[in-house]
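Q: Residue numbers (full-length UniProt numbering): 1 to 390.
From the three backbone atoms N, C-alpha and C, an ideal C-beta is built for every residue, glycine too.
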C-alpha cells in the first residue's frame, strides 16, 4: 500500500479500490512487470523528404526497439473526415501547440482526440517525432495511448485515445459555478495515478525519461477519472551511466519548473518531482500555485473551499507535507517518485522545519501558528504514514 493512502477518507478506501478493479477487469499494475524499452537520443533527429517521411518515422520506431502499441499512419483526408473538416463544433481545446478535436476513425469508428499542431507554433518536427517515438515505445496505464499520427505535407497531427473527462485543469482551476468539483478522494486517486506515471518514466523505462512538462492541463482523465499523462513533445532522455543530469535549454511552463532547472538548465528526474509537488498543491487548494498564499493562520484555509470541508483533517495536513517534500529547493532532498508512493520519503525527513522552507516562493514567509504546524508535522513524521487515508 502506498503513502497516498493516508490522504483518503478511510471508509471509502476499500470500496473504491474494489470497484475500480472490478470495473477494469484487471489486477493492479505492477511497475516491476512493466517492459523496459530502449529509448533514443533525439539530439540529431530530423525529417527526410516528404516522400520518405512516413517510412522514416516507422524505421526510427523499429530502430529503438519493439513498439508497445500499433500506431496507425493516417492520411490528412482521413482526419478531415473524422473531424468533419476540423469543424469548430468538434473542438475540445486549444493551446500554444494548436487545437484538439473530437473525432471518429475507421475501421470501427473509434472515438479519438485529434491534436492538430500549429504549423507556426513552438512544436515543430522534432517535438512531433519525439512524441510519436515516446508514445510508441512506452506503455503504462497512466500514459495516454497513441492511436496514430499524420505527417502529410506540412501537417503534424497526433491521434490519441479519447479521454472523456478532459484535463485535470478543467476540473480544478477556474471552474464555473455550475460544475461539480472533484471530491477529496478523487483528487488523491488522480495524484496516485499521475505519480505512478512519473515513477514508470523515471525508474522503469530504460533509459529513464524526464517528462519536463508536468502540469494539470497535461493530465487527462478518462470516464472513471483515471489519469493519464499526455503531451510528450518536451520529454527528454534522462541521464545514464555516471551522468547526474542532462543539460538542455529551459522549456516547460512558468511556475512548474524546478528552480535549479530554470536557473542552470540542468535537468533530472527530481525536476519532475518538483512539478508534481506544484500540481499536488493545486489539487489540494484549488488555486494556482504561482501566486503567493498569504494567509496561513489555519491550514484548513488552504483546502479548496469547493470541498466544503469534506476531507479528513489529518489527510489535509499530510498531503501538504508530501507536497512540501517535493517542493524543497534542494533537488537532492526531494524524494524519488517511488519513495513518494511507498512512503520512504516520510521516513527520511530528519528535520521537520525543512517542510516549511520548501514552500519558499509559493507561500508567504510570515507564518502565524508556526509552532503549531511544527508540532503537527513532527507527529506526522513519527507516526505511520499511508496515503490511502489522506
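Please determine if the region 316-327 and the region 196-212 are in contact, where contact requires at least 3 C-beta pairs separated by less than 8 Å.
A: At 8 Å Cβ cutoff, the stretches do not touch.
Q: When the Cα atoms are used, what is the spatial distance from residue 95 to residue 118?
A: Their Cα atoms are separated by approximately 9 Å.
Q: With three or more beta-carbon pairs closer than 8 Å as the criterion, would you say the region 217-227 touches the region 161-168?
A: Touching, per the Cβ criterion.
Q: Between residue 132 and residue 146, which are expected to be in contact by the criterion C-beta below 8 Å, what is the C-beta distance as a whole number of angstroms?
A: Yes, they are in contact, since the Cβ atoms of residue 132 and residue 146 sit about 7 Å apart, within 8 Å.
Q: By the three-class DSSP mapping on this structure, what secondary structure does residue 296 have?
A: The predicted position of residue 296 is uncertain, since its pLDDT is 48 and thus under 50; no value can be drawn from it.
Q: State the start and end residues of the unbroken alpha helix (DSSP H) segment that holds residue 160.
A: Segment 157-161 is the beta strand (DSSP E) holding residue 160; no alpha helix (DSSP H) there.
Q: Under a Cβ-count criterion, where at least 16 other Cβ atoms within 10 Å of its own Cβ denotes burial, should residue 176 be classed as buried or exposed?
A: Flag for residue 176 reads exposed.
Q: With distances taken between CB atoms, is the gap from residue 100 to residue 115 smaller than 7 Å?
A: Yes.
Q: Cutting at 8 Å between CB atoms, please list the residues of its own chain near residue 111, excluding the five before and the five after it.
A: If we look at residue 111 and ignore the five residues flanking it on each side, its Cβ neighbours are 102, 103, 104, 162.
Q: Pick from 189, 337, 97: whose alpha carbon is nearest that of residue 157?
A: Residue 97 is the option with its Cα nearest to residue 157.
Q: What is the rounded straight-line gap between the Cα of residue 233 and the Cα of residue 136?
A: If you take the alpha carbons of residue 233 and residue 136, they lie about 13 Å apart.
Q: What does the Cβ neighbour count give for residue 212, buried or exposed, with the cut at 16 atoms within 10 Å?
A: With 16 or more Cβ atoms within 10 Å of its Cβ, residue 212 is classed as buried.
Q: Beta-carbon separation of residue 190 and residue 227 under 7 Å?
A: For residue 190 and residue 227, yes; Cβs fall inside 7 Å.
Q: Between residue 289 and residue 301, is the Cβ-Cβ spacing less than 7 Å?
A: It is not a contact, given that the beta carbons lie outside the stated cut-off.
Q: Within this structure, are the beta carbons of residue 144 and residue 217 separated by less than 7 Å?
A: Their beta carbons are not under 7 Å apart, which means residue 144 does not touch residue 217 by this criterion.
Q: In the DSSP assignment, what residue or residues form a beta bridge with residue 425?
A: Residue 425 lies beyond the residue range present for the chain, which begins at 1 and ends at 390; the question has no answer from this structure.
Q: Which of the three DSSP states, helix, strand or coil, is assigned to residue 284?
A: It is helical.
Q: Alpha carbons only, please: which of 187, 337, 151, 167 is nearest the one belonging to residue 285?
A: Among 187, 337, 151, 167, the Cα nearest to that of residue 285 belongs to 187.
Q: How many angstroms separate the CA atom of residue 235 from the CA atom of residue 128?
A: C-alpha separation (whole angstroms): 11 Å.
Q: Less than 7 Å between the C-beta atoms of residue 138 and residue 205, yes or no?
A: Yes, the Cβ-Cβ distance between residue 138 and residue 205 is below 7 Å.
Q: Between the Cα of residue 333 and those of 303, 214, 258, 262, spot the shortest distance and give me the residue it belongs to.
A: Comparing Cα positions, the closest option is 258.
Q: Helix, strand or coil for residue 256? Go by DSSP, reduced to three states.
A: Three-state DSSP puts residue 256 in coil, outside helix and strand.
Q: Count the other C-beta atoms from every protein chain shown that fall within 10 angstroms of the C-beta of residue 39, then say buried if there are 16 or more, exposed otherwise.
A: The predicted position of residue 39 is uncertain, since its pLDDT is 46 and thus under 50; a value taken from the coordinates is nonetheless stated next. Its Cβ being crowded by 16 or more others within 10 Å, residue 39 is buried.
Q: Pick out whichever of 76, 287, 261, 329 has its Cα sitting closest to the Cα of residue 153.
A: Closest option to residue 153, Cα to Cα, is 76.
Q: Starting from the Cα of residue 78, find the closest Cα among 267, 92, 148 and give me that residue.
A: Comparing Cα positions, the closest option is 148.
Q: Going by the DSSP bridge assignment, what does residue 326 pair with across the sheet?
A: In DSSP, residue 326 forms no bridge with anything.
Q: Could you have a look at residue 402 and say whether DSSP puts it in helix, strand or coil?
A: The requested residue 402 does not occur in the structure, where the chain is confined to residues 1 to 390.
Q: If we ignore side chains and look at the alpha-carbon of each, how far apart do residue 150 and residue 167 end up?
A: Roughly 23 Å separates the two Cα atoms.
Q: So, residue 253 versus residue 308, is the Cβ gap smaller than 7 Å?
A: In this structure, residue 308 does not lie closer than 7 Å to residue 253 by Cβ.
Q: Are the beta-carbon atoms of residue 319 and residue 270 separated by less than 7 Å?
A: Taking 7 Å as the Cβ cut-off, residue 319 and residue 270 do not qualify as a contacting pair.
Q: Please report how far the alpha carbon of residue 28 lies from the alpha carbon of residue 317, in whole angstroms.
A: The predicted model places residue 28 with a pLDDT of 40, which falls under 50 and marks its position as unreliable; any figure quoted below should be read in that light. Taking the straight line joining both Cα atoms gives about 28 Å.
Q: Out of 93, 92, 81, which has the shortest C-alpha to C-alpha gap to residue 106?
A: Of the listed residues, the one whose Cα sits closest to residue 106 is 81.
Q: Using a 10 Å radius around the Cβ and a threshold of 16 neighbouring Cβ atoms, would you call residue 89 buried or exposed?
A: With fewer than 16 other Cβ atoms within 10 Å, it is exposed.
Q: Residue 113 to residue 193, Cα distance in whole Å?
A: Taking the straight line from one Cα to the other gives about 21 Å.
Q: For residue 86 and residue 173, I'd like the C-alpha separation in whole angstroms.
A: Looking at the two C-alpha atoms, the distance is approximately 27 Å.
Q: Quick one: complete beta strand (DSSP E) runs, 3+ long, within the region 135-193?
A: List check, beta strand (DSSP E) in window: 146-150, 157-161.
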